[in-house]
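The structure appears right after this line, and notes come after that.
Chains as they are written, first to last, in the UniProt record's numbering: chain E, 1 to 407; chain A, 1 to 407.
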């Protein structure tokens with residue numbers, strides 16, 4: 001079977017790891033920062049050297065295209081080059097570099113293809129400099145209002161619009177991709193979790209992106225002196241919160257085992273060891289692929305009484321996201337190709353969000369996951385062995401060629 | 001029976017409430033601050049006007065004395081004039097003003113007494129400006145090393161020694177009180193809790209100060225992504241802490257009902273809603289008059305396993321205090337006098353610490369508690385109705401005279 005070039009892919013990863021290098025194994029490459037612009041320049045230089053045609057849209061999304069034999073919509077693959085602060089060398093960038101490697105293999109091996117093949121860079125996926133995340137894929141698919149996004153400011157007060165204008169990468173709206181221009185999109189990404197590695201799986205066949213809810217809970221008690229207030233007179237907001245966290249664990253554990261839920265953030269007021277807390281807040285993040293299970297989560301939340309251990313208990317939704325299901329034909333194609341290469345596979349839903357979930361609304365889309373060592377992500381320790389990267393890009397290459405021929 | 005003068009006591013409370021007035025019903029009168037020095041000046045002015053003799057020791061403790069008919073050790077009463085930030089008009093100062101009112105009654109009513117009667121102000125009881133609390137009573141009773149205390153700094157870097165030298169209130173070590181100089185000490189204080197008010201009790205007959213322990217618990221888990229880490233792979237330090245808080249409540253609730261315990265402070269790291277916490281800490285403060293119950297608390301703490309919900313659990317003592325028992329003869333005298341006035345009484349232990357607990361080591365000592373409205377303390381809402389203050393000072397007056405005659 002066709003394979004891409006391992007050394008060439010390794011060189012790509014190594015080269016791009018210099019843009020924003022923290023010197024501690026990772027990168028800080030915030031969206032449209034000098035480091036991110038260096039990465040864009042290197043990407044464009046390499047694409048031009050391969051004879052690809054580069055188009056840039058009004059959100060600085062870059063589309064580098066190999067023409068096809070026929071005038072058809074393109075087959076697209078790619079991801080993002082921006083990172084979080086002190087992020088790693090795989091999240092996002094691996095999706096760009098594997099798409100480029102697949103294109104380079106097609107070009108250098110002179111593999112015939114009817115459709116144009118486009119490698120894409122989406123601008124500001126992380127939202128680490130300009131909120132929200134997945135900003136530019138969101139704008140071109142109608143999720144976000146462009147003017148609101150242009151006004152988004154970084155911590156130094158620079159707007160996204162200003163950063164866009166000075167970046168040299170602001171193109172025109174007519175270059176945006178669309179349902180007419182694009183036949184299919186495949187995004188390769190690291191898993192960002194431990195499942196593939198723990199289960200010794202080569203390829204995550206991504207069926208969609210989990211729906212999620214994020215709630216904030218508040219408990220109001222009464223602040224009193226730890227040494228003078230008998231237990232029976234107390235309204236201890238922390239104990240009220242503890243009881244509720246235990247209730248949530250007890251009830252949520254009864255739901256489907258694929259549900260993940262997290263109480264990641266907690267605060268107590270006045271947070272002094274000799275004073276009974278009068279105000280405690282915590283968050284609950286819950287994700288599952290099946291909207292019915294998310295509904296069950298909400299039913300469990302709604303069953304929390306208004307008074308827990310003599311304290312007022314309340315909650316509000318901070319945000320939510322509906323489950324996105326990827327194109328079943330593309331999902332099957334990924335699975336079939338991985339198996340033909342002899343790779344182990346696992347069908348799974350993504351917990352985190354990706355640009356692909358927005359594009360899935362207008363273009364047949366799917367994703368390929370490769371393992372993350374020890375599940376590390378959004379940190380300098382982020383790592384995927386090169387053999388796993390190669391397996392991912394091989395599946396990507398074959399899938400692009402299958403889409404070209406048959407789908 | 002003898003009574004003090006309600007209007008005169010009310011005037012004292014009103015006058016002293018101006019020193020450090022926050023304009024919101026309370027005071028900020030940190031130790032040796034200009035506001036505290038104004039209060040000391042007014043105290044000395046009033047004592048001198050009553051013909052009392054003033055001595056000051058090397059820790060700025062002030063002793064204002066009415067001579068007795070005989071050359072005998074004095075009978076002492078008083079408390080402190082310093083407050084916490086945004087504190088109230090009763091904690092500490094009421095003990096000084098009631099002692100002064102009792103002395104003023106003895107002087108103006110020409111009540112004969114064999115022993116000298118001394119009104120005392122202890123310096124820096126709160127420890128709110130210079131740590132630790134009860135600093136000066138601690139130094140003269142050998143609890144603290146004086147040189148270490150002199151080096152204690154406030155947030156502006158001023159040492160206690162510098163504040164002492166510039167205050168105008170640094171006297172000599174030979175003026176410190178002692179077992180030889182003082183026959184008995186009675187400190188009147190607000191309860192700082194809700195028990196007396198809730199049970200409609202006039203006078204708290206204080207048998208001693210509760211022993212206490214303060215522990216810090218630490219839970220170490222693993223930080224992972226909320227969206228990608230299946231529940232079975234998680235090491236959630238917050239859930240481990242929640243389980244332990246619930247365990248502590250379940251077990252501590254089985255002990256004596258007078259035990260008070262508080263988990264007042266909690267922190268989680270990294271405290272982000274989409275990340276499983278890898279480090280959680282909380283504190284436990286537990287107080288009881290019986291050392292055997294405190295031992296049972298420690299047994300419950302020691303039974304916590306090293307691993308709770310897959311996280312490392314550990315704990316360490318932050319500090320502890322042994323139970324102090326006041327002089328039984330003095331305690332009985334307070335109770336008898338309160339009953340003779342027709343006041344309702346309740347024997348109780350103090351949860352918070354007071355200067356009297358240190359003096360109790362060298363001088364026969366007890367305390368009188370008066371009710372705190374709604375248990376408020378260390379806040380601007382701190383309040384004790386004047387009728388309750390009067391009841392307290394009447395019991396104090398009669399007790400001083402009883403000690404003079406019979407004890």
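A virtual CB, placed ideally from N, CA and C, is assigned to each residue, including glycine.
So the beta strand (DSSP E) residue 311(E) belongs to, where does it begin and stop? First-last of the beta strand (DSSP E) with residue 311(E): 311 to 321.
Starting from residue 278(A) and walking both ways along the beta strand (DSSP E), at which residues does that stretch end? Under the DSSP assignment, residue 278(A) falls outside any beta strand (DSSP E); it carries neither an H nor an E label.
Below 7 Å on C-beta distance, what does residue 226(A) contact in chain E? Chain E residues near residue 226(A): 260, 262, 264, 285.
Got a sec: is the Cβ-Cβ distance from residue 232(A) to anything in chain E below 9 Å? Yes, contact with chain E.
Range covered by the beta strand (DSSP E) that runs through residue 187(E): For residue 187(E), the enclosing beta strand (DSSP E) has its first and last residue at 182 to 190.
Listing by chain order, which chain A residues have their CB less than 7 Å from the CB of residue 191(E)? Neighbours of residue 191(E) on chain A, chain order: 228.
C-alpha distance - residue 6(E) paired with residue 98(E), whole-angstrom precision: Going from the Cα of residue 6(E) to the Cα of residue 98(E) covers about 10 Å.
Spatial distance of residue 120(A) from residue 17(A) (CA atoms): Distance between residue 120(A) and residue 17(A), taken at the CA atoms: about 19 Å.
Which class does residue 87(A) belong to by DSSP, given the choice of helix, strand or coil? Note: residue 87(A) maps to strand in three-state DSSP.
So what's residue 47(E) in DSSP terms, helix, strand or just coil? Helix, per DSSP.
According to DSSP, what are the bridge partners of residue 74(A)? The partner list for residue 74(A) (beta bridge, DSSP) reads 182(A).
DSSP beta-bridge partners for residue 124(E)? Answer is none; residue 124(E) lacks a bridge partner.
Validate contact between the stretch 26 to 41 of chain E and the stretch 74 to 81 of chain E using beta carbons, cut 8 Å, 3 pairs: Three or more beta-carbon pairs separated by less than 8 Å link the stretch 26 to 41 of chain E to the stretch 74 to 81 of chain E, which places the two stretches in contact.
Count Cβ pairs between the stretch 198 to 212 of chain E and the stretch 237 to 251 of chain E that sit closer than 8 Å; are there 3 or more? Counting Cβ pairs under 8 Å, fewer than three are found: no touch.
Can you check whether the C-beta of residue 133(E) is within less than 9 Å of a C-beta belonging to chain A? It does not; no Cβ of chain A falls within 9 Å.
Do you know offhand how far residue 155(E)'s Cα is from residue 87(E)'s? Near 18 Å, if we compare the C-alpha coordinates of residue 87(E) and residue 155(E).
Is the Cβ of residue 238(A) closer than 9 Å to any Cβ of chain E? True, the Cβ-Cβ gap to chain E drops below 9 Å.
Unbroken beta strand (DSSP E) run spanning residue 214(A), endpoints: Counting along the chain, the unbroken beta strand (DSSP E) around residue 214(A) starts and ends at 211 to 220.
I'd like to know whether the C-beta of residue 212(E) is nearer than 9 Å to at least one C-beta of chain A. Chain A has a Cβ within less than 9 Å of the Cβ of residue 212(E).
Based on the DSSP secondary-structure assignment, which residues constitute the bridge partners of residue 408(A)? The structure shown has nothing for residue 408(A), since chain A only spans 1 to 407.
So with CB distances below 8 Å, who are the chain E contacts of residue 205(A)? Under the 8 Å cutoff, chain E gives no residues; its nearest Cβ is about 16 Å from residue 205(A).
Please name the residue or residues paired with residue 204(E) in a DSSP beta bridge. In the DSSP output, where bridge partners are listed per residue, residue 204(E) has 346(E), 369(E).
What residues match up with residue 324(A) in a beta bridge as DSSP calls it? Its beta-bridge partners are 209(A).
Residue 169(E) to residue 176(E) span [Cα, whole Å]: Here the alpha carbons of residue 176(E) and residue 169(E) stand approximately 13 Å from one another.
Three-pair Cβ contact test at 8 Å for the stretch 352 to 368 of chain A versus the stretch 385 to 394 of chain E: Short answer: they don't touch.
Tell me whether residue 292(A) is buried or exposed, calling it buried when 16 or more other Cβ atoms sit within 10 Å of its Cβ. With a 10 Å radius around the Cβ and a threshold of 16 neighbouring Cβ atoms, residue 292(A) comes out exposed.
Is it right to say residue 209(A) is buried, meaning 16 or more other beta carbons lie within 10 angstroms of its own, or is it exposed? So residue 209(A) counts as buried.
Evaluate residue 2(A) with the Cβ neighbour count: other Cβ atoms within 10 Å of its Cβ, from every protein chain shown; 16 or more gives buried, anything less gives exposed. By the 16-neighbour rule on beta-carbons within 10 angstroms, residue 2(A) is exposed.
Taking only beta-carbon positions, decide if residue 385(E) is within less than 9 Å of chain A. Interface with chain A (9 Å Cβ-Cβ cutoff): residue 385(E) is excluded.
For the candidate residues 60(A), 325(A), 71(A), 250(A), whose alpha-carbon lies nearest to that of residue 167(A)? The shortest Cα separation from residue 167(A) among 60(A), 325(A), 71(A), 250(A) belongs to 60(A).
If we ignore side chains and look at the alpha-carbon of each, how far apart do residue 215(A) and residue 135(E) end up? Residue 215(A) and residue 135(E) have their C-alpha atoms spaced approximately 47 Å apart.
What's the gap between the Cα of residue 44(A) and the Cα of residue 329(A)? Going by the C-alpha atoms only, they are around 32 Å apart.
In the DSSP output, what is residue 55(A) paired with across the bridge? In the DSSP output, where bridge partners are listed per residue, residue 55(A) has 63(A).
Run down chain E in chain order and give the residues with a C-beta less than 9 Å from the C-beta of residue 87(A). At a beta-carbon threshold of 9 Å, none of the residues of chain E lie near residue 87(A); the nearest stands roughly 13 Å away.
For residue 301(A) and residue 317(A), the rounded distance between their alpha carbons: Distance between the alpha carbons of residue 317(A) and residue 301(A): 10 Å.
For residue 228(A) versus residue 192(E), is the C-beta distance shorter than 9 Å? For residue 228(A) and residue 192(E), yes; Cβs fall inside 9 Å.
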